[in-house]
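Participant: Residue numbers (numbering that gives the first Met the number 0), protein chains in the order written: chain A, 0 to 334; chain B, 0 to 334.
Number of protein chains: 2
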Amino acid sequence: MEGVVSLAHGDGGLATRELLREVFLKYLDDPALRRLEDSARVDFPGPCLVLTTDAFVVSPLFFPGGDIGCLSVYGTVNDLCCLGADPLFLTASFVLEEGLRLADLERIVASMAQATRRVGVRLVAGDTKVVPRGMADGLYVTTSGVGHIPPGTDLRPERISPGDRILVSGTIGDHGVAVLAARHRLLEGEATLASDCGPVHRLAGAARRFAPGLKVMRDPTRGGLATVLKELAEAGRCDLLVEEEALPTDPAAAAVAELLGLDLLYLASEGKLVAVAAPEAADAILQAWRQLPEGQRASCVGEVREGSGRVLLKTALGGTRELHLVTGEPLPRIC
Amino acid sequence: MEGVVSLAHGDGGLATRELLREVFLKYLDDPALRRLEDSARVDFPGPCLVLTTDAFVVSPLFFPGGDIGCLSVYGTVNDLCCLGADPLFLTASFVLEEGLRLADLERIVASMAQATRRVGVRLVAGDTKVVPRGMADGLYVTTSGVGHIPPGTDLRPERISPGDRILVSGTIGDHGVAVLAARHRLLEGEATLASDCGPVHRLAGAARRFAPGLKVMRDPTRGGLATVLKELAEAGRCDLLVEEEALPTDPAAAAVAELLGLDLLYLASEGKLVAVAAPEAADAILQAWRQLPEGQRASCVGEVREGSGRVLLKTALGGTRELHLVTGEPLPRIC
Numbered sequence: 000m001e002g003v004v005s006l007a008h009g010d011g012g013l014a015t016r017e018l019l020r021e022v023f024l025k026y027l028d029d030p031a032l033r034r035l036e037d038s039a040r041v042d043f044p045g046p047c048l049v050l051t052t053d054a055f056v057v058s059p060l061f062f063p064g065g066d067i068g069c070l071s072v073y074g075t076v077n078d079l080c081c082l083g084a085d086p087l088f089l090t091a092s093f094v095l096e097e098g099l100r101l102a103d104l105e106r107i108v109a110s111m112a113q114a115t116r117r118v119g120v121r122l123v124a125g126d127t128k129v130v131p132r133g134m135a136d137g138l139y140v141t142t143s144g145v146g147h148i149p150p151g152t153d154l155r156p157e158r159i160s161p162g163d164r165i166l167v168s169g170t171i172g173d174h175g176v177a178v179l180a181a182r183h184r185l186l187e188g189e190a191t192l193a194s195d196c197g198p199v200h201r202l203a204g205a206a207r208r209f210a211p212g213l214k215v216m217r218d219p220t221r222g223g224l225a226t227v228l229k230e231l232a233e234a235g236r237c238d239l240l241v242e243e244e245a246l247p248t249d250p251a252a253a254a255v256a257e258l259l260g261l262d263l264l265y266l267a268s269e270g271k272l273v274a275v276a277a278p279e280a281a282d283a284i285l286q287a288w289r290q291l292p293e294g295q296r297a298s299c300v301g302e303v304r305e306g307s308g309r310v311l312l313k314t315a316l317g318g319t320r321e322l323h324l325v326t327g328e329p330l331p332r333i334c
Numbered sequence: 000m001e002g003v004v005s006l007a008h009g010d011g012g013l014a015t016r017e018l019l020r021e022v023f024l025k026y027l028d029d030p031a032l033r034r035l036e037d038s039a040r041v042d043f044p045g046p047c048l049v050l051t052t053d054a055f056v057v058s059p060l061f062f063p064g065g066d067i068g069c070l071s072v073y074g075t076v077n078d079l080c081c082l083g084a085d086p087l088f089l090t091a092s093f094v095l096e097e098g099l100r101l102a103d104l105e106r107i108v109a110s111m112a113q114a115t116r117r118v119g120v121r122l123v124a125g126d127t128k129v130v131p132r133g134m135a136d137g138l139y140v141t142t143s144g145v146g147h148i149p150p151g152t153d154l155r156p157e158r159i160s161p162g163d164r165i166l167v168s169g170t171i172g173d174h175g176v177a178v179l180a181a182r183h184r185l186l187e188g189e190a191t192l193a194s195d196c197g198p199v200h201r202l203a204g205a206a207r208r209f210a211p212g213l214k215v216m217r218d219p220t221r222g223g224l225a226t227v228l229k230e231l232a233e234a235g236r237c238d239l240l241v242e243e244e245a246l247p248t249d250p251a252a253a254a255v256a257e258l259l260g261l262d263l264l265y266l267a268s269e270g271k272l273v274a275v276a277a278p279e280a281a282d283a284i285l286q287a288w289r290q291l292p293e294g295q296r297a298s299c300v301g302e303v304r305e306g307s308g309r310v311l312l313k314t315a316l317g318g319t320r321e322l323h324l325v326t327g328e329p330l331p332r333i334c
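1. Going by the CB atoms, is the gap between A:LEU70 and A:PHE88 shorter than 8 Å?
2. Go to B:MET111, then tell me how far its alpha helix (DSSP H) extends in each direction, as first and last residue.
3. So within the segment 135-223 of chain B, which uninterrupted alpha helix (DSSP H) runs reach at least 4 residues, ignoring any that extend past its ends?
4. When DSSP builds the beta bridges, which residues end up paired with A:GLU96?
5. Leaving aside the five residues before and after B:ALA177 along the sequence, list all residues of the same chain whose C-beta is less than 7 Å from its C-beta, in chain order.
6. Is the beta carbon of B:CYS334 closer than 8 Å to that of B:GLY74?
7. Do B:SER110 and B:GLU293 count as a contact pair if the criterion is CB distance below 8 Å?
8. Look at the alpha carbon of B:LEU261 and the alpha carbon of B:LEU6, and state the distance between them as a whole number of angstroms.
9. I need the boundaries of the alpha helix (DSSP H) containing A:LEU316, first residue and last residue.
10. Using DSSP bridges, identify the partner residues of B:ARG33.
11. Checking contacts by CB at 8 Å: is B:PRO292 closer than that to chain A?
12. Do A:PRO247 and A:ARG164 have their beta-carbon atoms positioned less than 8 Å apart in this structure?
13. Among the candidates A:GLY270, A:ALA234, A:TYR26, A:VAL72, whose CA atom is the shortest distance from the CA of A:ARG116?
14. So A:ALA203 and A:CYS81 are supposed to be a Cβ contact under 8 Å. How far apart are they, rounded?
15. Three or more C-beta pairs closer than 8 Å, one from the segment 93-106 of chain B and one from the segment 292-310 of chain B: is that the case here?
16. Along the segment 159-186 of chain B, what residues have a CB closer than 8 Å to any CB found in chain A?
17. Interface residues of chain A around B:ARG100 at Cβ under 7 Å?
18. If we cut at 8 Å on Cβ distances, does B:VAL56 have a partner in chain A?
19. I need the straight-line Cα distance from A:LEU99 to B:ASP29, nearest angstrom please.
20. Contact check, A:THR90 vs B:LEU50 under 8 Å by CB: the rounded distance?
21. Could you tell me which residues DSSP puts in a beta bridge with B:PHE43?
22. Taking Cβ positions only, does B:PHE62 come closer than 8 Å to chain A?
23. Give the residues of chain A in contact with B:LEU95, contact being defined as C-beta atoms less than 9 Å apart.
24. Taking the alpha-carbon positions, what's the B:GLY133 to A:MET134 distance?
25. Could you check the C-alpha separation between B:LEU24 and B:THR15 for me, to the nearest Å?
26. Mind checking A:MET216: buried by the 16 CB within 10 Å criterion, or exposed?
27. Would you call the CB atoms of B:VAL300 and B:VAL241 closer than 8 Å?
28. What does DSSP give as the partner residue(s) for B:PHE23 in the beta ladder?
29. On the DSSP bridge list, what partners appear for B:PRO86?
30. Would you say B:ASP42 lies against chain A (beta-carbon separation less than 8 Å)?
31. What does the Cβ neighbour count give for A:SER143, buried or exposed, with the cut at 16 atoms within 10 Å?
32. At a CB-CB cut-off below 8 Å, which residues of chain A make contact with B:SER38?
33. In the DSSP output, what is A:ALA124 paired with across the bridge?
34. Between the C-alpha atoms of A:ALA124 and B:ARG33, what's the straight-line distance to the nearest angstrom?
35. Identify the continuous alpha helix (DSSP H) that holds A:ASP282 and give its terminal residues.
36. Express the C-alpha separation of A:VAL227 and B:ASP126 in angstroms, rounding to a whole number.
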């Protein structure tokens, strides 16, 4: 195969998908892997297990609202929760750069530990490697997770059908904006802007109570809400109609996104859920979410229509704009 | 905490252990993690599961006998096998450097796929991140694995007792020598020197048939046979007596190790097993191993004595030398 890896291959959108299909799935074509979801459901005598893995390369290592340590725990836990699983066990592998301050490493590990306690998940195995100066950027960490799906849980985009509602659990794009602002040293001292880095296990647990009306859940991380919705629309073979005015956003995040020329719809959240549910279940889920501190701004942002896999945004001005997978200018190292 | 990460922290020996105890276990103290083994056994209603994770940062990416792709599969599979588990599922996370040749990536992924087929393990979930040029060295990959321990399997260093035999399944240090030789472009075109990078699942399966006489298994990777034996001696609260003349070595590997001023006892193997077993089981295991192509040079290299956690090497010249955890000059990026 010709060519080299480009930053665009890490955008979490179209280029990433091409790389996965043309290189990875060409050789590794397990049915669970081929779904290209964040987690894999695996059949095994006894419990139904879910496995997931994520590499974290966020820059800077510390940002308002979090750090690479808690991010790596919540990111992996949240992927398990999206399949309706109870997170059970994590493993963590570290690539440390020679010269990393031990005080920084300690702060990151302490943050991971606090995150595991908050979620009630056990970190049971790990690995550390050290590479010479200039061969990494401080540290990278990969967390992998194992969860258990209770019997009767069946969350899949294929279950989406016309009339279903689209819910988001809170403001979108906060993590992406906070990391980019920290990287470019924008708004230093501006306390109102922070990553939403956190666990969705309580939100997911609350939504799960309303299965089978609950069809599917996702966390809108790299690529943002737009990318997640496009993936759901394609897999569900429906159109998703989203009302721009219904999207919960943080005013400070919106202002910084505008300053940076970026669209909140394509920026990562790290503590939010997107759910698609039948109307009655949707109302019940919204009510349940709003009773949680992390779900205060939960909203219904649109609905599912018959269609061919498009995401259509009804703008505040009354027009309609089609949303696609994130593409073009990449935002590397957001998670 | 003062100080910075040094290359020695990645040696897999004393400095690594200090880093783990002083930074990681200070905050992350799950009983499964605290054992500091390569894999974690976890209790869960239903099957007894084993989890493991490993980051691979080997340089160069391609070396005689293997590459980072198959190494990352076998390394993780072998850790599962050492606990007596059947490997079931793998996940893989990639950190790709901008500019990596797609042809190289493809070759590595194809090698991973071939390795999974050879072992019969499923790679079910993955993740890719891209970092800008100069922020990695080609690519790093973390593989995590889940295995299942059949009922009645109880392999733990605490079960070692005086009189037990120490077995190795073949020549030691081949991987470390091959990677270092490739890195320094020694002996180019010398076809006899190659990494032993491969799976130990058949060796482990053969040994497992002789439980309960089989006490414990390990793969002597980073830090080499000496480091693994020292860890077993300490955990088993016995002395291990090893006969230098009984150690199987490859003459080409021994010659290159001498050229580099290195000791094969501290160099990594990536397709070998160390087992400790009661005398009768030990004889049966040796016989079974020698019937496998990868076990032709299996040998009994020593025995367990009452003691305090020392490893004593009876040298060819009749002297006795104590072996310790690997320390001092680090050999970074060997796996």
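Each residue gets a CB set at the ideal place from its N, CA and C atoms; glycine is no exception.
Facilitator: The structure says:
1. Stepping through the first sequence from its first residue, residue 88 of chain A is reached at position 89. Stepping through the first sequence from its first residue, residue 70 of chain A is reached at position 71. For A:PHE88 and A:LEU70, no; Cβs fall outside 8 Å.
2. For the purposes of this step, residue 111 of chain B is identified with residue 112 of the second sequence, where counting begins at 1. From DSSP, the alpha helix (DSSP H) with B:MET111 extends over 101-118.
3. 173-182, 200-207
4. Indexing the first sequence from 1 puts residue 96 of chain A at position 97. A:GLU96 pairs with A:VAL130.
5. Against the second sequence, residue 177 of chain B aligns to sequence position 178. Excluding sequence neighbours, B:ALA177 sits near PHE62, PRO63, GLY64, LEU192, ALA193, SER194.
6. Numbered from 1 along the second sequence, position 75 holds the residue referred to as residue 74 of chain B. Numbered from 1 along the second sequence, position 335 holds the residue referred to as residue 334 of chain B. Cβ atoms of B:GLY74 and B:CYS334: closer than 8 Å.
7. Reading the second sequence from its first residue, position 294 is the one you call residue 293 of chain B. Reading the second sequence from its first residue, position 111 is the one you call residue 110 of chain B. No, these two residues do not count as a Cβ contact at 8 Å.
8. By one-based count along the second sequence, residue 261 of chain B stands at place 262. By one-based count along the second sequence, residue 6 of chain B stands at place 7. Straight-line Cα distance between these residues: approximately 17 Å.
9. Position 317 of the first sequence holds residue 316 of chain A. Element bounds for A:LEU316: n/a, residue is neither H nor E.
10. For the purposes of this step, residue 33 of chain B is taken as the residue at position 34 of the second sequence. Answer is none; B:ARG33 lacks a bridge partner.
11. Translated into the one-based positions of the second sequence, residue 292 of chain B becomes position 293. No, no contact with chain A.
12. Here residue 164 of chain A refers to the residue found at position 165 when the first sequence is read from its first residue. Here residue 247 of chain A refers to the residue found at position 248 when the first sequence is read from its first residue. Not in contact: A:ARG164 and A:PRO247 (Cβ atoms no closer than 8 Å).
13. As a working note, residue 116 of chain A is residue 117 in the first sequence. That would be A:VAL72, whose Cα lies nearest to the Cα of A:ARG116.
14. As a first step, residue 203 of chain A is located in the first sequence; it is residue number 204 there, counting from the start. As a first step, residue 81 of chain A is located in the first sequence; it is residue number 82 there, counting from the start. About 7 Å; that satisfies the 8 Å criterion.
15. no
16. none
17. If you number the second sequence from 1, residue 100 of chain B lands on position 101. Identification of chain A residues near B:ARG100 by a Cβ-Cβ cut-off of 7 Å yields VAL3, ordered along the chain.
18. Stepping through the second sequence from its first residue, residue 56 of chain B is reached at position 57. Yes, B:VAL56 counts as interfacial toward chain A.
19. As a first step, residue 99 of chain A is located in the first sequence; it is residue number 100 there, counting from the start. As a first step, residue 29 of chain B is located in the second sequence; it is residue number 30 there, counting from the start. So the two alpha carbons sit approximately 25 Å from each other.
20. Counting from one through the first sequence, the residue named residue 90 of chain A turns up at place 91. Counting from one through the second sequence, the residue named residue 50 of chain B turns up at place 51. The Cβ separation is near 6 Å, so the contact holds.
21. In the second sequence, counting from the first residue as 1, residue 43 of chain B sits at position 44. In the DSSP assignment, no residue is bridged to B:PHE43.
22. In the second sequence, residue 62 of chain B corresponds to position 63, counting from 1. No, because no Cβ of chain A sits closer than 8 Å to the Cβ of B:PHE62.
23. Within the second sequence, residue 95 of chain B is the residue found at index 96, counting from 1. Simply VAL4, HIS8, GLY9, LEU18.
24. The count along the second sequence starts at 1 and reaches residue 133 of chain B at position 134. The count along the first sequence starts at 1 and reaches residue 134 of chain A at position 135. Roughly 7 Å between the two C-alpha positions.
25. Working through the second sequence from its first residue, we reach residue 24 of chain B at position 25. Working through the second sequence from its first residue, we reach residue 15 of chain B at position 16. Looking at the backbone, the Cα of B:LEU24 and that of B:THR15 are separated by about 12 Å.
26. As a working mapping, residue 216 of chain A is identified with position 217 in the first sequence. Counting Cβ neighbours within 10 Å, A:MET216 comes out buried, since at least 16 surround it.
27. Residue mapping note: residue 300 of chain B aligns to position 301 of the second sequence, counting from 1. Residue mapping note: residue 241 of chain B aligns to position 242 of the second sequence, counting from 1. Result yes, Cβ atoms of B:VAL300 and B:VAL241 sit closer than 8 Å.
28. Your numbering for residue 23 of chain B matches position 24 in the second sequence. Beta-bridge pairing links B:PHE23 to no other residue.
29. For the purposes of this step, residue 86 of chain B is identified with residue 87 of the second sequence, where counting begins at 1. BP columns for B:PRO86 point to B:GLY146.
30. The residue you call residue 42 of chain B lines up with position 43 of the second sequence. False, the Cβ-Cβ gap to chain A never drops below 8 Å.
31. Residue 143 of chain A sits at position 144 when you count from the first residue of the first sequence. It counts as buried.
32. Against the second sequence, residue 38 of chain B aligns to sequence position 39. By Cβ distance, chain A contributes ALA124.
33. The count along the first sequence starts at 1 and reaches residue 124 of chain A at position 125. DSSP lists A:THR90 as partners of A:ALA124.
34. Here the question's residue 124 of chain A lines up with position 125 in the first sequence. Here the question's residue 33 of chain B lines up with position 34 in the second sequence. Going by the C-alpha atoms only, they are around 9 Å apart.
35. The residue you call residue 282 of chain A lines up with position 283 of the first sequence. Residues 278-289.
36. Counting from one through the second sequence, the residue named residue 126 of chain B turns up at place 127. Counting from one through the first sequence, the residue named residue 227 of chain A turns up at place 228. If you take the alpha carbons of B:ASP126 and A:VAL227, they lie about 16 Å apart.
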